[in-house]
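Remarks on the structure that follows.
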Amino acid sequence: VGPRERPGDEEVGSVWDPSQRGDLPQPPGGTATGERLEHTHTGLAMNALCFTYTHSTNSLSISHLFSQPMKPLKAAATTSQPVLTIPQIETIFFKVPELYEVHKEFYDSLLPRVQQWSHHQRVGDLFQKQVRSEARSLGCTPALSHAAVSPFSPKALLYKPVDRVTRSTLVLHDLLKHTPSSHPDHPLLQDALRISQNFLSSINEETTPRRQSMTVKKGENRQLLKDSFMVELVEGARKLRHVFLFTDLLLCAKLKKQIGGKSQQYDSKWYIPLSDLTFQNADESELLPIPQVPDEELDAMKVKISHIKSEIQREKRANKGSKVIDRLRKKLSEQESLLLLTSPSMALRVHNRNGKGYMFLMSSDYERAEWKETIREQQKKCFKSFSLTSMELQMLTNSCVKLQTVHHIPLTINKEEDESPGLHGFLNVIVHSASGLKQSLNLYCTLEVDSFGYFANKAKTRVYRYTTEPKWNEEFEIDLESSQTLRLLCYEKSYNKTKQNKEDGDSTDRIIGKGQIPLDPQMLQGKDWQRTVIPMTGIEVKLSLKFTSREFSLKRMPSRKPMGVFGIKISTVTKREHSKVPYIVRQCLEEIERRGMEEVGIYRVSGVATDIQALKAAFDTNNKDVSVMMSEMDVNAIAGTLKLYFRELPEPLFTDDLYPNFAGGIALSDSVAKESCMLNLLLSLPEPNLVTFLFLLDHLKRVADKESINKMSLHNLATVFGPTLLRPAEKDSKIPTNPTQPISMGDSWSLEVMSQVQVLLYFLQLETIPTPDSKRQSILFSTEV
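Take the sequence shown: its letter number 756 is residue 742 in this note's numbering, and every next letter is one higher.
Here it is as structure tokens:
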């Protein structure tokens, strides 16, 4: 069998030198076996191979393999300039006996079959077993491929057995060419060739270009479809993983720590063939609860991140040394990694064919849906189960380094210097309508935006019942924090309350469409609304967007109308109404106490903007029917009206003058001094402000008492109301020419918001607030209140 171009030779790469390709050695003439097989190409190849192995096993003894290169290497290892260390020598040579046994067993099994050769003889199982054993025995090769060159360099030593694999691969090509596809040996020889090629490819991993795929059984390609960093929940602990979805399997890997400038490496944790993967386990009666990280802890991390970012900006402006900045960047990376690890709480569960389950935690239903869709679509092409050998799994994991598309953990620290820092401010979104539906459904939409490197749900429309053309026309105000993308998901509402999704514990609401748009600073630059359309699979949703930069949003605008309540000082309103607490505050709280205390997300979920504006106009004009209007309104609109009233006060409830003192008091470390300072400041507020605040404070505590139902903790309420009640007015604010430029402004704003939240949370957590007798009397015995 002479030299010729064989399909797949390119897979061998630099390990195999084409110039060394020679004819396979011919069997000695005149033997009975040679005469009997000389008319069949397959028989010739088999006979030649047996001759080669006979020669090898007779001429090379174990002692010869050991003694020739090993003695000088061991002698040099004890000198001041060793060629190889003792562990390296042991790594190279400890597999030599196994290799010898592999070859001897193969030859001893093959020879009798060749001597009894016929067209029906089978040898594929021997080749398959031999290459598996050979690849497993040579598994240590890649780790030493970069050692120093010497007369007995690791490269030279390791290439000797690798060269044998190369020659076997060429023989397999010849055998396949002359073995009919209908012969039982054909698939076995194909599998043996695949294992050999993958092994040789893994040897050359560091010197070959980035691969798009790797060879799998039957000559097919295993391609990477999707990869991402995810949080896996393992025995209650959160672990950061890199997940790879291939055309036939899902692989979960851990990124190893890089030490001493070594190249990136992955450690395989588990894999599931797509033919075996399911999203729910019928035998699982109860789902384990997902451990939640308290919002207070997440906010504390965000405060630290903002602090560190501000420090980095100051150091850059001061032109300090790079060591200081590098140290700060390391701290920032640690805090952002911790936030990324602890914030996700939405489960994605997968199970293998034995029912063993694995759970990923995600922060975005959009991303969870994308993974499910891609896996389910690919499963339509996967029918057979399989398992990987340890060597195949190692080669697959090694290939991930070059196949990966996501190279960095999604942290802001990993952003390029010229990359947009995102938008800081408020995004008003009107969800108008959807079109393109083929059948009538009960529909609602949710909105997600990214901040601190991950996406979170920010708003939800009402359910539009049984229609093909839902027209929500609902407006929401979304807080942006380094945000770059707006996502929208459209759901079909399920009203079967008894039916729960075993897969993730959520209701069975079904995602029927999803899409996203970039938040382009140039498009959102002006004051006008920008209309846009988000296309989805088969449907599209119409939106209008308007962005208000953080700087401009700080300005409280007094009302120019002499009457009304919005934009009017609270003292003016209470004096006009002859009350201690404004009528609008009392009416809104009364209605929420009546039917909104168990509303999930009360105060956090945005109300319909048109309803809020209608209520605002009714209160401003002192409409006598306002009570009737409120009874017919969605309770979230009433909550939104109350928040809007406090936000539009020309001066915050805690006053501009006292705000810096509150911010300083909450930062005190001594608890006794802090309590004394904070209470004295509180009692220094003007009486209408103090009475209104205490009235609101009692209500918010009662809301938090039902946290198990409405999901609104004291911290959640402080997050909603803190900036609204404390944010000072900015007299000279205006829209900046570039809303994304002053990244330090966004960071300082974050710190300020966190401080405002902490001030309100402090008072919410106090069991009692001792007030002077005069003010206590005005609160407890005033008929107006």
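Glycine included, each C-beta is placed from N, C-alpha and C at the ideal position. Small disclaimer: the values here were computed from a predicted structure and weren't measured.
The alpha helix (DSSP H) enclosing residue i, as first and last residue numbers
i: residue 357; result: 351 to 365
i: residue 615; result: 612 to 618
i: residue 457; result: Not the alpha helix (DSSP H): residue 457 falls in the beta strand (DSSP E), residues 457 to 469.
i: residue 633; result: 621 to 633
i: residue 651; result: 645 to 652
i: residue 298; result: 281 to 303
Spatial neighbours of residue i in its chain, beta-carbon cut-off 6 Å, leaving aside the 5 residues before and after
i: residue 647; result: 667
i: residue 179; result: 158
i: residue 155; result: 182
Inter-residue Cα distance where the pair is residue i and residue j
i: residue 794; j: residue 639; result: A query on residue 794 cannot be resolved here, the shown segment of the chain reaching from -13 to 771 and no further.
i: residue 442; j: residue 349; result: 6 Å
i: residue 391; j: residue 339; result: 28 Å
i: residue 616; j: residue 320; result: 48 Å
i: residue 344; j: residue 636; result: 53 Å
i: residue 747; j: residue 232; result: 48 Å
i: residue 375; j: residue 333; result: 30 Å
i: residue 394; j: residue 217; result: 14 Å
i: residue 826; j: residue 299; result: Lying outside -13 to 771, the shown extent of the chain, residue 826 is not represented and no answer is given.
i: residue 598; j: residue 611; result: 15 Å
i: residue 109; j: residue 120; result: 17 Å
i: residue 444; j: residue 512; result: 23 Å
i: residue 99; j: residue 263; result: 41 Å
i: residue 223; j: residue 275; result: 12 Å
Identity of the residues DSSP links to residue i by a beta bridge
i: residue 381; result: Answer is none; residue 381 lacks a bridge partner.
i: residue 518; result: 529
i: residue 220; result: 223
i: residue 257; result: 237
i: residue 606; result: DSSP output for residue 606 lists no bridge partner at all.
i: residue 772; result: Look at the range of the chain in this structure, -13 to 771, and you will see that residue 772 is not part of it.
Start and end residues, beta strand (DSSP E) containing residue i
i: residue 530; result: 526 to 535
i: residue 578; result: Residue 578 -> not in any beta strand (DSSP E); alpha helix (DSSP H) instead, spanning 569 to 581.
i: residue 504; result: 496 to 504
i: residue 167; result: From DSSP, residue 167 is part of no beta strand (DSSP E); its letter is neither H nor E.
i: residue 436; result: 427 to 437
i: residue 335; result: 332 to 337
Spatial neighbours of residue i in its chain, beta-carbon cut-off 7 Å, leaving aside the 5 residues before and after
i: residue 239; result: 227, 228, 230, 252, 253, 254, 255, 383, 386
i: residue 478; result: 427, 428, 429, 495, 496, 498
i: residue 369; result: 261
i: residue 654; result: 660, 663
i: residue 590; result: 698, 702, 706
i: residue 602; result: 552, 627, 630
i: residue 258; result: 235, 236, 336, 338
i: residue 107; result: 99
Buried versus exposed call for residue i [16 or more other C-beta atoms within 10 Å across all chains shown]
i: residue 293; result: buried
i: residue 515; result: exposed
i: residue 159; result: buried
i: residue 372; result: exposed
i: residue 288; result: buried
i: residue 129; result: Residue placement at residue 129 is flagged as unreliable, the pLDDT there being 44, under the threshold of 50; the coordinate-derived value follows with that caveat. Exposed: under 16 other Cβ atoms inside 10 Å.
i: residue 608; result: exposed
i: residue 595; result: buried
i: residue 774; result: As displayed, the chain neither begins before -13 nor continues past 771, which places residue 774 out of reach and without an answer.
i: residue 305; result: exposed
i: residue 481; result: exposed
i: residue 432; result: buried
i: residue 684; result: exposed
i: residue 73; result: exposed
i: residue 89; result: buried
i: residue 353; result: buried
i: residue 695; result: exposed
i: residue 171; result: buried
i: residue 351; result: buried
i: residue 562; result: exposed
Neighbour flag for residue i against chain C, beta carbons, 7 Å
i: residue 325; result: Protein chain content of the structure displayed is limited to a single chain, and chain C is not contained in it.
Contact set for residue i: own chain, Cβ-Cβ below 8 Å, skip 5 residues either direction
i: residue 642; result: 714, 715
i: residue 451; result: 428
i: residue 68; result: 62
i: residue 71; result: 63
i: residue 168; result: none
i: residue 355; result: 475, 497, 500
Closer than 6 Å: residue i CB and nearest the ligand FAD heavy atom
i: residue 214; result: As presented, the structure is devoid of all ligands, the ligand FAD included, so that no description of it is given.
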